[in-house]
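Residue numbers (the numbering used here): 1108 to 1838.
Beneath this line is the structure, given in structure tokens, with notes to follow.
Structure, rendered in structure tokens:
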């Protein structure tokens, strides 16, 4: 991090960005902070002492309370929700609360849902932080109360706290007035937490803590970060996954005005310039011959055909209840489903800034996996993890993309900085210069880390009375976990089978197995991971069986989930609010689906219409969600709405396809996203709960696709078994 002195040669825009990043202008996330070698933030020469009772809470002399958020704010609302937890236990006023990203320090900020790793994902932020932040806030409150009791000579039991004011009789003080005295007291080992019935902030409407700076342009994302003397880099990567650079002709690229250097890195060839446009133009002029001997050369049709060839063969056992093969049935129903590669396509493409020195490396990024990225960056730089400082800034979306176990874009940035530091490159003149790596939208769409292709084979055995006697579910697809620190040797990859291994339906005989495939195409978790495909197959097939037995799809589900009251309650709330069973306009129909993911249960009822040209439109989605205590209901609703829009775009249009191993899509013109006029009306209903919070960032996605597909089947008679929908119906 610079020492705060502004270079004189910056233009007005760069000066503003420099001040945002260095904290000199009173705006941005890093105001008033310096960075230590370990990556921890410290107040820069505070005028007066505040209270920092733990790693999560800071009370300043001006009574502002800052919550150090260990999870990445990427639009999902953790700056608001996690801050609300602390504010509740402190009895603070919402206006005095602040939030900022915590340092990259797994010892202080590990995500216990992952193990000793700091990171964000799996809809674990609130779930993981709930008790931890309640205790942090309650501890700060207890110390302030103790300081007040000591100052006023009263009993702590006679003191009340409300909206950031501590009172007893004629005495009152704001937090900041007592912060210094509280800081001198011992930190209590155990403090009581509030009874949820006494919550005054949690469960209420609260303005988001990131809205103003994001609306005014003051928010700092990685793509905004500017460092003095900074260079900008882009990377030419092979068009086929698994290929490597064989020969590089950089003459034309280096002739482009603004291009400073061209360097080879393990993942491709980097063009480094004084601006993004110069780097981009230099990359266009670059000539590279690729070794494609180990590359994936199949098209996606061939991959799917290879997968379907495995469906008749037994796979690795996942779940077995009863004896599916021994069941005698009045009728057997079979179905096959296929799911394409999907890109994450966050609005802010992958970006990081790297400053590499002899004894340390500093990185600015919308960092989702700080501990993993520190380790991988250190290895790429030839340093120790503790020598890598990561400054986490806002991320413009992710959906899982920034949390990859190879830290691909971070490692690329470090590799470029390391290559520039080589004494053989311009005599070492470029060593130490900060480098901003930017992926273009085309880089993002073609860059891999996709939701894997999957194929499902389903078989059900029905009794003469319409009862569901047996269920067989076979899944074929690529493992996300294989070869990673999260792989469980000897066990099927849970990210391939979650949402299928366990289902909320009581079926006496059930078998689930898995064929795990391999390919050079890199794959990754995508918003709601395995449930993106398993829930579609399960809920579509359940609906088909209801139709096959001439039963109402809601009544059919209710009968099968009697032993799952939580799922049943969510289903009942959704269908009640959607007026299930009441007439719809001509040319309309409803569909329903229920899914549990990330410890939350969500049900959607979708209403679709078909116009005179046969085009399908999703008119309305009614959502019910049980996510435990809804810390910030507006955030819960926003995440459900966002999940519905994101999921709808994916099932209607989303597909990454390859021809001869080369990705066909390149930007949003060919990788189609949902458009604003295609977004349905959405109603979100939250099931009241006293249970601890569970996930909301991802659970809104899984039931959306099957609910819409089931509505289309009810309207047109067409069962959608291959995604996206555009292969079956007109949309």
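From the three backbone atoms N, C-alpha and C, an ideal C-beta is built for every residue, glycine too.
- Of the other Cβ atoms in all chains shown, fewer than 16 fall within 10 Å of the Cβ of residue 1300; this residue is therefore exposed.
- The shortest C-alpha to C-alpha distance from residue 1178 to any of 1438, 1534, 1237 is the one to 1237.
- Only exposed fits residue 1783, as fewer than 16 other CB atoms lie within 10 angstroms of its CB.
- About 7 Å separates the CB atoms of residue 1543 and residue 1340; that is less than 8 Å, so the two are in contact.
- Taking C-beta atoms as the reference points, residue 1652 and residue 1569 count as a pair closer than 8 Å.
- Residue 1609 sits away from residue 1637, with the two beta carbons spaced by 8 Å or more.
- Setting aside the 5 residues that flank it on each side, residue 1398 is surrounded in the same chain by 1350, 1351, 1352, 1353, each with a C-beta closer than 8 Å to its C-beta; the list follows chain order.
- Minimum Cα-Cα distance from residue 1406 among the listed residues 1819, 1364, 1765 corresponds to 1765.
- Distance from residue 1794 to residue 1619 at the Cβ level is roughly 28 Å; contact not present, criterion being Cβ atoms closer than 8 Å.
- Judged by DSSP in its simplified three-state form, residue 1716 adopts strand.
- Of 1688, 1479, 1572, 1348, the smallest CA-CA separation from residue 1557 is found for 1348.
- In the structure shown, residue 1233 falls within a helical segment according to DSSP collapsed to helix, strand and coil.
- As the crow flies, the alpha-carbon of residue 1595 is around 23 Å from that of residue 1642.
- Taking a contact as a CB-CB distance under 8 Å, the pair residue 1781 and residue 1715 does not count as one, their CB atoms being some 14 Å apart.
- The C-alpha of residue 1186 lies about 38 Å from the C-alpha of residue 1771.
- When the five nearest sequence neighbours on each side are left out, the beta carbons in the same chain lying within less than 8 Å of the beta carbon of residue 1740 are those of 1310, 1311, 1312, 1793, in order along the chain.
- Counting only the Cα atoms, residue 1361 lies some 11 Å from residue 1370.
- Under the 10 Å beta carbon count, residue 1682 is surrounded by 16 or more other beta carbons and is classified as buried.
- For residue 1288, the uninterrupted alpha helix (DSSP H) segment begins and ends at 1282-1290.
- Residue 1438 carries a strand assignment under DSSP once its states are collapsed to helix, strand and coil.
- Judged by DSSP secondary structure, residue 1595 falls outside any alpha helix (DSSP H); it is assigned neither H nor E.
- A Cβ-Cβ separation of about 47 Å leaves residue 1327 out of contact with residue 1612 under the 8 Å criterion.
- Ranked by Cα distance from residue 1625, the options 1525, 1578, 1401, 1229 are led by 1401.
- Secondary structure at residue 1587: coil, using DSSP grouped into helix, strand and coil.
- Here DSSP, grouped into helix, strand and coil, assigns residue 1633 to coil.
- Residue environment: residue 1455 is assigned as buried (16 or more neighbouring CB atoms within 10 Å of its CB, all protein chains considered).
- For residue 1313, no alpha helix (DSSP H) run applies, since DSSP gives it neither H nor E.
- DSSP lists 1443, 1581 as the bridge partner or partners of residue 1564.
- Rounded to whole angstroms, residue 1430 and residue 1583 show a C-alpha spacing of 22 Å.
- When only Cα atoms are considered, residue 1580 and residue 1666 end up about 21 Å apart.
- Contact check between the segment 1209-1220 and the segment 1243-1254: fewer than three CB pairs, one atom from each, fall below 8 Å, which does not count as touching.
- Sequence-distant partners of residue 1723 (beyond 5 residues in either direction) whose C-beta falls short of 7 Å from its own C-beta, in its chain, are 1715, 1717, 1819, 1836, 1837, 1838.
- Two segments are said to touch when three or more pairs of C-beta atoms, one from each, lie closer than 8 Å; by this definition the segment 1730-1744 touches the segment 1793-1812.
- Selection 1640, 1634, 1697 evaluated against residue 1661 yields 1697 as nearest (Cα-Cα).
- If you draw a straight line from the Cα of residue 1513 to the Cα of residue 1225, it is about 15 Å long.
- DSSP, reduced to helix, strand and coil, places residue 1697 within a strand of the structure shown.
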